[in-house]
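Taken in sequence, the protein lines are chains W and E. Under the working numbering, the first residue of the first sequence is numbered 140, with each subsequent residue one higher. Under the working numbering, the first residue of the second sequence is numbered 4, with each subsequent residue one higher. For every residue, glycine included, the Cβ atom is placed at its ideal position computed from N, Cα and C. The block underneath contains the structure these notes are about, expressed in structure tokens.
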Amino acid sequence: MVTLNVNGIECRYGSTKILSNINLNVKPGCFIGILGPNGSGKTTLLKSISRVLKPHNGSILIDKENIYTLKPKQVAQKMAVVPQYNDVGFNFSAMDVVLMGRNPHLGDFQMESSKDVEIAKNAMELTNTWTLAERPINELSGGEAQRVIIARALAQEPKILLLDEPMSHLDIINQIELMDLVKTLCTKNNLAVLAVIHDLNMASRYCDTILLLKDNTIFALGSVEEVMTPENILSVFGVDSIIRKNPITNAPYVIPLSPKKLSEEKNSSIHVICGAGTGTTLLKTLRDEGYNVSAGVLNVADSDFETCELLKLLSLSDPPFSAITDKAHEANLAMIKNANMVILTAVPFGLGNIKNLEAAIEATKYGIPTYVIDETPIIERDFTHGKAISLMQQLKEHGAIFVKDSTELPHSIIPKNNS
Amino acid sequence: MNNNNNNNTVDTCNNSQRTEKVYSQRAKRWKLVIAGLIASLIVTIIVSLNIGYTFISYSDILTFFGTRIPYVNNLIDTTAFTREQLANQAIILDIRLPRILAALIIGAALSASGTLFQGVFRNPMADPYVLGVSAGASVGVGIAILWGTGINFFGFPIVPIAAFLTALATIFFVYSISKVGTRVPEMSLLLTGIAVSIFLAAIFQAMQFITTDHKLSQLVNWQIGSITNVGWANWWAVLPFIVAGIALSYFYARDLNMISLGEDTAQHLGVNTSRTKKILLVLGSIMTAAAVSISGLIGFVGLMIPHITRLIVGPDHRLLIPTSALLGAIYLIICDNIARSIGGATEVPVGIITALAGGPFLVFLLRRSRQKYRM
């Protein structure tokens with residue numbers, strides 16, 4: 140059982156602290172994701188643990204022995220590293236590179252035995268690189284080379300594996316395969332894994348512990364559920380987010396929201412009458428433009444309703460699949476009165492939501508500028524036997540402005556480059 | 004369709020077994036390559052003894068070696084030698100052999116140190132010249148010549164000793180000022196090496212201005228790079244350093260493989276990177292100084308031979324160090340053969356031959372490698 144203890148380490152570059160007061164205990168079978176914004180000290184932390192950058196204070200122990208009193212070879216027998224940049228100067232074959240992973244286990248003049256070749260082969264088969272064995276590593280693609288480097292780390296037969304952004308060169312299938320592999324080694328072989336990961340959702344899907352770094356020190360350390368909160372993500376990354384459950388894995392799923400354009404924060408309110416997903420894009424665009432956006436009346440579980448929830452927009456709702464109640468209609472009219480503008484999307488009308496069309500007519504009566512996005516002709520989306528068609532006609536007569544799609548809305552509302 | 008699939012599976016399987024076999028039996032293959040090169044070197048030496056102003060037959064050459072081998076020499080009746088045969092034996096012993104053996108160790112030393120420097124700096128452009136080691140050695144030689152040659156120092160000629168000292172001083176100076184914290188970044192080391200090299204070359208040129216005519220010609224002759232006047236005494240003086248240099252660097256060959264992947268990677272794989280780099284730089288400097296002190300500046304061997312050898316045998320230093328040393332030896336012996344045959348009575352310094360052959364070849368190699376490798 141190999142444990143890794145990081146005790147209060149501090150690293151400096153000149154007089155600038157690049158890491159301070161880091162305490163961490165890693166047990167076998169632990170998968171720790173190191174997260175943090177650029178420059179928060181993630182790579183520095185991995186470098187000091189991997190015996191490349193000696194910390195000014197504190198100690199790093201493997202099995203209670205300080206890594207700086209152990210020989211480099213002894214450390215390499217227990218700990219392997221997959222570094223971030225893998226340019227190889229000379230044209231070694233992939234197999235040559237993987238066999239170098241056997242170095243910590245070889246004597247000074249010893250050649251690799253057929254047993255070492257066997258271990259290297261197994262490592263390459265695990266990372267799907269055995270067919271590339273004799274190819275020069277410089278001729279491989281970034282992803283292939285990355286997998287060869289991971290095979291080299293596995294050939295070291297380590298107890299602790301450090302990965303520095305292992306997925307940066309990989310496409311999605313290779314990312315998943317790699318993380319699955321590392322997770323399997325972690326659970327089946329009791330390998331302790333420390334990985335710097337940029338993708339919050341990959342981290343929460345595979346790691347069991349998250350280390351969140353901010354300003355060169357630990358901001359949060361704990362289980363994925365404890366650490367992955369909108370509050371933590373806002374204070375570390377400075378981005379608003381919504382946490383949902385990944386429907387397949389049930390891991391916390393982070394949906395980051397683009398920051399509002401604070402400089403263009405507008406004091407005007409826009410009320411959007413939508414439903415059935417016809418307003419989703421528009422709602423987000425308007426929010427990003429800095430408007431106070433409200434929406435109504437929507438059914439709970441309608442996709443536009445969910446968008447409002449996610450974007451934290453004011454919305455009115457009725458239970459799923461039910462008709463709009465009078466109470467909701469009144470509230471809708473109240474919202475419309477407070478708005479500077481109303482936009483009606485090309486929502487299909489049935490008897491359940493026909494009141495929304497009446498609400499739009501009320502808006503024109505209040506003298507509020509009303510835009511109608513008429514992407515789909517009303518004939519095709521009228522399920523009220525002509526009632527919606529005649530109400531639409533009335534809407535036109537009351538001076539509502541009809542546009543073909545949201546890009547035709549005046550540029551003063553939505554600038555063209557942002558449609 | 005099914006057939007195709009089956010064939011593919013069989014092929015992959017065969018390939019896979021082949022790869023395993025190739026890597027399990029590498030040591031055997033490498034020994035064969037080295038044995039082949041040693042045989043080629045011996046043939047080159049014998050052929051080179053045949054080349055020269057006086058005709059010496061192969062039977063005389065073989066007889067010469069026969070008289071030096073225990074037991075075999077009992078079979079040869081030296082009293083029956085003709086006057087001409089005796090004269091030929093003297094030419095081989097005093098003129099041709101020392102010169103060929105000098106070319107051998109100088110070529111081996113320059114190539115081996117070039118291989119070390121290229122590996123440590125992960126840069127096929129690195130060589131003793133770029134790092135200022137050769138310039139450092141030449142300043143030592145210059146000082147020794149100005150001081151007056153022929154002064155013995157513990158029985159050794161002063162020139163090689165002075166070259167060792169200044170070459171070592173130079174590499175440590177370059178190494179320590181390019182050091183950042185506990186690490187030595189390649190780029191800073193190369194730039195420092197070039198700067199120091201230019202500075203030391205200027206000092207050497209200044210020496211030529213302040214000296215007398217007699218010593219000036221000595222300096223100039225030495226600088227051109229020639230192995231005409233090496234002689235047995237100088238040869239024996241530097242031989243131990245070159246042999247020890249190659250043998251010790253072979254001890255670090257596997258570490259050097261990992262260092263050539265990058266400092267951090269080597270560290271991760273269990274190499275004591277900074278110590279090993281230091282040792283390899285010292286070994287490279289010792290070999291360079293040993294060669295430079297007896298031959299002057301013979302350019303391009305340390306740059307070109309490791310490069311060519313790597314193209315032929317691959318980048319593994321366990322094979323690359325011995326093969327580049329052997330190829331360097333063969334190459335310099337051949338260059339020296341050309342140097343002493345093409346000019347007729349006047350000899351061309353071998354440094355000119357290596358530069359004339361090396362320059363264009365390097366340009367050709369660079370253009371080719373730019374397409375083929377990302378170095």
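| query | result |
| --- | --- |
| Using only alpha-carbon positions, find the residue among W/Lys476, W/Ala215, W/Asp303 that is nearest to W/Lys186. | W/Asp303 |
| The alpha helix (DSSP H) with W/Gly361 in it runs from where to where? | First-last for W/Gly361: 356-362, but that is the beta strand (DSSP E), not the alpha helix (DSSP H). |
| Quick check on E/Thr326: buried or exposed, where buried means 16 or more other Cβ atoms within 10 Å of its Cβ? | buried |
| Alpha carbon to alpha carbon, how far is E/Leu286 from W/Ile349? | 47 Å |
| Look at E/Val295 and E/Leu335 and say whether their C-beta atoms are less than 8 Å apart. | no |
| What does W/Asp410 pair with, by DSSP beta-bridge criteria? | Looking at the sequence provided, one finds His at residue 410 of chain W rather than Asp. W/His410 pairs with W/Ser433, W/Val481. |
| Return the residues of the stretch 240-256 of chain W that lie within a Cβ-Cβ distance of less than 8 Å from chain E, sorted by chain order. | Gly240, Asn242, Pro243, Leu245, Asp247, Phe248, Met250, Glu251, Ser252, Ser253, Val256 |
| Between the stretch 200-217 of chain W and chain B, which residues of the former have CB atoms less than 9 Å from a CB of the latter, in chain order? | No chain B is present in this structure, whose protein chains are W and E. |
| Which residues, in chain order, does the stretch 271-284 of chain E contribute to contact with chain W at a C-beta distance below 7 Å? | His271, Leu272, Gly273, Val274, Asn275 |
| In the DSSP assignment, find the unbroken beta strand (DSSP E) run with W/Asn146 in it and report its ends. | 143-152 |
| By the 7 Å beta-carbon criterion, what residues does the stretch 278-309 of chain W contribute toward chain E? | none |
| Under 8 Å between C-beta atoms, does W/Ala478 make it to chain E? | no |
| Classify E/Gln20 as buried or exposed, calling it buried when 16 or more other Cβ atoms lie within 10 Å of its own Cβ. | exposed |
| Any beta-carbon of chain E closer than 8 Å to the one on W/Leu184? | no |
| Mark W/Pro549 as exposed unless 16 or more other C-beta atoms lie within 10 angstroms of its C-beta, in which case mark it buried. | exposed |
| One question on the structure: do W/Asn162 and W/Val145 come within less than 8 Å of each other, judged by their Cβ atoms? | yes |
| So what does DSSP say about E/Phe167, is it helix, strand or coil? | helix |
| Can you pull out the residues from the stretch 406-419 of chain W whose beta carbon lies closer than 9 Å to at least one beta carbon of chain E? | none |
| What is the rounded straight-line gap between the Cα of W/Pro297 and the Cα of W/Val165? | 14 Å |
| Would you kindly check if the distance between the Cβ of E/Pro309 and the Cβ of E/Thr169 is under 8 Å? | no |
| For W/Pro395, which residues from the same chain have a beta carbon less than 6 Å from its beta carbon, with the 5 sequence-adjacent residues on both sides left out? | Val378, Ser380 |
| Residues bridged to W/Ser232 by DSSP? | W/Pro275 |
| CB-CB under 6 Å to W/Val214, same chain, minus the five flanking residues each way: which ones, in chain order? | Arg190, Ile206 |
| Let's see if you can read the secondary structure: which residues bound the beta strand (DSSP E) around W/Pro395? | 391-395 |
| Just checking: is the beta-carbon of E/Met307 within a distance shorter than 8 Å of some beta-carbon in chain W? | no |
| With distance defined between alpha-carbon atoms, name the residue in E/Lys281, E/Ser298, E/Asp267, E/Leu251 nearest to E/Trp238. | E/Ser298 |
| Report the neighbours of E/Ala30 on chain W: residues whose CB is nearer than 7 Å to its CB, in chain order. | Met250 |
| Report the rounded CA-to-CA distance for E/Gln121 versus E/Arg86, giving the unit in angstroms. | 51 Å |
| Does W/Glu547 get closer than 8 Å to chain E when you measure Cβ to Cβ? | no |
| Would DSSP call E/Ile154 helix, strand or coil? | Only weak support is given to the placement of E/Ile154: the predicted model assigns it a pLDDT of 48, under 50, and the question is left unresolved by the model. |
| Is the Cβ of E/Asp267 closer than 8 Å to any Cβ of chain W? | yes |
| May I ask you to list, following chain order, the residues of the stretch 46-74 of chain E that have a beta carbon less than 9 Å from some beta carbon of chain W? | none |
| Confirm, please, whether the CB-CB distance from W/Met218 to W/Leu301 is below 8 Å. | yes |
| Excluding the 5 residues flanking W/Ser461 on each side, which residues of the same chain have their C-beta closer than 8 Å to its C-beta? | Asn438, Gly491 |
| Beta-carbon within less than 8 Å of W/Asp354's beta-carbon, same chain only, minus the 5 sequence neighbours each way: which residues are those? | Ser179 |
| Is the number of C-beta pairs between the stretch 498-517 of chain W and the stretch 528-543 of chain W that are closer than 8 Å three or more? | yes |
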